[in-house]
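S.K.: Residue numbers for the sequence shown follow the UniProt record's numbering, beginning at 1 and rising by one.
Don't be surprised by glycine CBs; every beta carbon is placed ideally from N, CA and C.
What you are looking at is a predicted structure, and each value in this text was computed from that prediction instead of being measured.
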Amino acid sequence: MVTGRSDKTFDGLNSVALVMIGVVSLFPLLYVVSMSITPYSEVIRNGGFLIIPRKLSFEAYHRILQDAALARAMAVTVFLAVAGTLINMALTTIGAYPLSRKELRGRSVFLLFIVVTMLFNGGLIPTYLVVKSFGLLNTVWAMIVPGAVATFNMLLMKSFFESLPEELFESAKIDGAGEFRILGQIVVPLSVPSMMTVGLFYMVGHWNAFFSAILYVTDRQWHPLQVVIRSMLLMSQSSEHQAEVTVPTAAMQMTAVIVASVPIIAVYPFIQKHFTKGMLLGAIKG
């Protein structure tokens with residue numbers, strides 16, 4: 001393949017642009033990691049901002065990780081992410097499959113009601129009263145059940161189900177397969193990329209659970225990771241001006257960011273292939 005001078009110029013400019021974008025994207029991450037391991041003396045010496053510290057200190061990690069409340073909160077958050085995502089995916093799949101079948105009676109009416117929920121909701125107080133009436137307050141289920149199905153995710157999965165060849169369903173029905181068998185043995189195996197994409201959306205939402213926790217849960221033993229870390233940061237800020245402070249507030253904040261982010265980031269490489277494929281399929285379908 002012969003490339004002209006203009007093509008080489010374009011490739012060069014493109015490479016430079018990508019390098020600059022990479023540097024801009026990595027700089028905040030480098031800053032977060034650097035500040036989390038910077039001693040208090042280094043922060044004072046550099047006016048509160050530096051990228052490469054001369055000395056290292058892991059006191060901020062020690063303070064955060066030694067807190068027993070953090071381990072309990074991590075367990076609650078892991079349960080939310082795992083159990084909540086499984087419940088979300090089960091209900092979303094069961095709801096999306098019949099809506100993807102054109103022979104479903106009243107399909108357009110059901111879709112209308114579902115889409116309306118994306119535009120209007122009952123409000124904060126009515127939702128709280130419903131959660132309270134079901135006895136979910138101060139339980140881990142209060143952070144799972146109210147958002148068990150996300151309308152957007154269900155419509156996204158419905159669109160993927162509709163893209164499957166109709167011949168597969170016809171052949172399965174000729175062989176005597178019922179709807180549940182078709183869903184379990186044909187639709188779900190062929191929809192792994194889409195389901196992994198939607199599952200990642202749900203999992204990240206549960207991992208970052210904060211508002212629902214402070215709204216429905218007052219018992220500290222059921223507080224998730226984000227709520228506990230926020231409490232720890234508020235305590236560190238309240239003691240920031242005391243003379244015995246050895247860990248800067250910025251270090252505590254950046255350490256909290258890393259502790260809260262690393263576990264969910266570590267999951268992404270295992271589903272990256274399915275996630276990318278699912279997003280591409282959704283783009284082509286759209």
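When you compare only the Cα positions, how much space is there between Val-76 and Thr-92?
M.R.: Near 23 Å, if we compare the C-alpha coordinates of Thr-92 and Val-76.
S.K.: Are the Cβ atoms of Leu-80 and Ile-144 separated by less than 8 Å?
M.R.: The answer is yes: Cβ separation under 8 Å.
S.K.: Does the distance from the CB of Ala-260 to the CB of Ile-214 come in under 8 Å?
M.R.: For Ala-260 and Ile-214, no; Cβs fall outside 8 Å.
S.K.: If you draw a straight line from the C-alpha of Ala-209 to the C-alpha of Pro-224, how long is it?
M.R.: Those two C-alpha atoms are separated by around 7 Å.
S.K.: Whose C-alpha, out of Met-203, Tyr-202 and Ile-37, is nearest the C-alpha of Lys-55?
M.R.: Checked all of Met-203, Tyr-202 and Ile-37; the closest Cα to Lys-55 is Ile-37.
S.K.: So, does the segment 147–166 touch the segment 82–98, judging by three or more C-beta pairs under 8 Å?
M.R.: Cβ pair count under 8 Å is three or more, so yes.
S.K.: Just to confirm my understanding: we take Leu-137, look at its own chain, exclude 5 residues before and 5 after, and list those with CB closer than 7 Å. What are they?
M.R.: Within the same chain, Leu-137 has close Cβ partners Val-131 and Tyr-216.
S.K.: Measure from the alpha carbon of Thr-199 to the alpha carbon of each residue in Phe-270, Asp-67, Ser-212 and Ser-231, then state which is nearest.
M.R.: In the sequence as presented, Thr is not what sits at residue 199; that position holds Gly. Closest by alpha carbon: Phe-270.
S.K.: Return yes when the Cβ of Ser-57 is within less than 8 Å of the Cβ of Pro-39, no when it is not.
M.R.: A contact, by the Cβ cut-off of 8 Å.
S.K.: Taking one C-beta from the segment 107–119 and one from the segment 186–199 each time, how about it: are there three or more such pairs within less than 8 Å?
M.R.: No, they do not touch.
S.K.: From this set, Trp-207, Asp-175 and Leu-168, which residue's C-alpha is nearest Val-188's C-alpha?
M.R.: Comparing Cα-Cα distances from Val-188 to each of Trp-207, Asp-175 and Leu-168, the minimum goes to Leu-168.
S.K.: With Leu-137 as the anchor, note down where its alpha helix (DSSP H) starts and where it stops.
M.R.: That residue, Leu-137, is in no alpha helix (DSSP H); it is neither H nor E in DSSP.
S.K.: Which of helix, strand or coil does DSSP assign to Lys-158?
M.R.: The answer is helix: DSSP assigns Lys-158 an H, G or I state.
S.K.: Please say whether Ala-60 and Met-203 have beta carbons closer to each other than 8 Å?
M.R.: Not in contact: Met-203 and Ala-60 (Cβ atoms no closer than 8 Å).
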